[in-house]
Amino acid sequence: MATGFFWDERCFWHSGGNYAFMSPVGGLVQPMATGGLPEDPETKRRLKNLLNVTGLLADLDSGSAPPITTEDLLRVHPQSYLDSFREAAAAGGGELGLRTPFGPDGYEIACLSAGLSQTALFATLRGDVTNAYALSRPPGHHCLPDFPNGFCLLANIAIAVEAAFAARMVERVAILDWDVHHGNGTEAIFYDRDDVLTISIHQERNYPRDSGDFQDRGSDRGDGYNLNIPLPPGAGHATYVEVMERLVLPELRSFEPDAIVVACGFDASGVDPLSRMLAGSNTFRRMTELVMETAADLCAGRLTLVHEGGYAASHVPFCGHAVLEALSGSAITAPDPLADRITAQQPGPRFEAFCSTLIGEMGDAIRA
Ligand code: ZN
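As numbered in numbering that gives the first Met the number 0, residues 0 to 367 make up the sequence shown, in order.
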């Protein structure tokens with residue numbers, strides 16, 4: 000068996016206000032590479048292309064997926080939101096939330112993005128693949144049931160997880176979000192649930208500015224099943240690895256999930272324009288290895304990664320390649336041209352010790 004890799008060129012054509020010369024994009028008019036929001040197609044397409052050029056793509060079980068069904072969508076999103084979204088897209092595109100513009104094909108492409116995520120999860124749960132990666136676009140982890148925000152139009156992972164519950168493929172799922180922004184949508188959807196553990200590692204008060212606090216642990220039956228790990232800017236590689244080892248992995252072990260899903264953003268990169276966190280491709284590789292080892296121990300290795308943010312077109316491809324090398328165990332590598340630069344910029348021992356103290360305090364509070 001191989002690692003599954005689910006992607007579709009159409010997902011790179013999602014665009015909320017971009018023109019090809021004088022022609023609005025849509026149909027057969029592909030969006031231009033430049034212009035518009037930071038969430039542009041290049042980061043994702045360059046990752047797929049790098050996998051192609053190195054040959055790693057050929058080692059993966061790659062393909063597209065059918066769009067998500069309305070039945071699957073309705074487990075997370077109300078009909079009224081889906082109707083508004085579909086109608087606005089059909090009318091030429093628009094904006095229904097905060098920083099989530101879409102074009103005339105926006106609804107169909109968002110359904111395809113969610114479909115990639117669900118197909119990846121189901122392929123993993125059925126044992127068709129060793130593990131899987133969905134190169135979903137638009138991303139999903141900020142999207143609330145009736146309010147899209149932060150470039151996210153449908154809650155890709157939540158939709159996939161709910162579909163897996165409905166198909167009785169799982170009873171307990173852990174969602175680990177290492178996108179640099181708080182996974183506020185995923186948190187909100189599962190906040191009162193004890194069968195879904197949600198963990199978000201993020202830069203404190205980056206986006207959204209008013210959520211992601213450590214104190215937000217869930218409500219009702221979900222009390223204790225949401226864990227936010229806000230980190231100060233500049234945390235760097237060692238702190239991310241320490242967070243995984245001291246906070247994330249123990250939480251996963253005590254929860255004993257049937258499957259682990261990772262909201263895999265690469266915007267903690269040291270050169271990302273939307274964050275200040277100093278992670279390198281080695282950071283994402285190491286976090287992947289650690290979660291793989293844990294998944295092997297807890298749930299027969301059932302691990303699915305779904306692409307979220309990541310806005311440095313120069314670096315996302317190498318971070319993603321490192322993750323897929325780890326997932327697949329392939330010997331094909333793509334040396335990261337930014338590795339030396341980011342390594343040289345890591346914080347010194349005093350700041351790492353400060354972060355270590357914060358991690359210790361959070362660990363004490365979790366166990367209290
Ligand atoms: Zn993000």
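Just so it is clear, CB atoms sit at the ideal spot from N, CA and C, and this is done for glycine as well.
Is any non-hydrogen atom of ligand 1 found closer than 7 Å to the C-beta of D176, if you look at the structure I gave you? no
Does the beta-carbon of G264, which I'm using as the reference point, lie nearer than 7 Å to any heavy atom of ligand 1? At least one heavy atom of ligand 1 lies closer than 7 Å to the C-beta of G264.
Could you have a look at S116 and say whether DSSP puts it in helix, strand or coil? helix
Just the C-alpha distance for G319 and F254, rounded to the nearest angstrom, thanks. 27 Å
Do H13 and ligand 1 come close, with the Cβ less than 7 Å from some heavy atom? no
P272 versus Y310 - alpha carbon distance: 7 Å
Closer than 7 Å: is that where the CB of V179 sits relative to any heavy atom of ligand 1? yes
Among the residues of its own chain, which have a CB less than 6 Å from the CB of G300, if the five just before and after it don't count? A294
Using the Cβ count rule (16 or more neighbours within 10 Å means buried), how would you classify G91? Exposed: under 16 other Cβ atoms inside 10 Å.
Own chain residues within Cβ distance below 6 Å of D60, not counting five before or after: A1, G3 and V128
With 16 other CB atoms within 10 Å as the buried threshold, where does A367 fall? By the neighbour-count rule (16 or more Cβ atoms within 10 Å), A367 is not buried but exposed.
Tell me which residues share the same chain as S199 and place their Cβ nearer than 6 Å to its Cβ, disregarding the 5 neighbours each side in the sequence. Excluding residues within five positions, the ones whose Cβ falls inside 6 Å are D176, H181, G182 and N227.
For the structure I just gave you, are there three or more beta carbon pairs, one from the stretch 314-329 and one from the stretch 45-53, closer than 8 Å? Yes, the stretch 314-329 is in contact with the stretch 45-53.
Could you round the C-beta distance between A159 and Q117 to whole angstroms and report it? I think they count as a contact, below 8 Å. 4 Å
In terms of residues, what are the limits of the alpha helix (DSSP H) holding G182? Per DSSP, G182 belongs to no alpha helix (DSSP H) and is neither H nor E.
Using a threshold of 8 Å, state whether the C-beta atoms of L323 and L143 are closer than that. no
Pick helix, strand or coil for Q202, following the three-state DSSP scheme. strand
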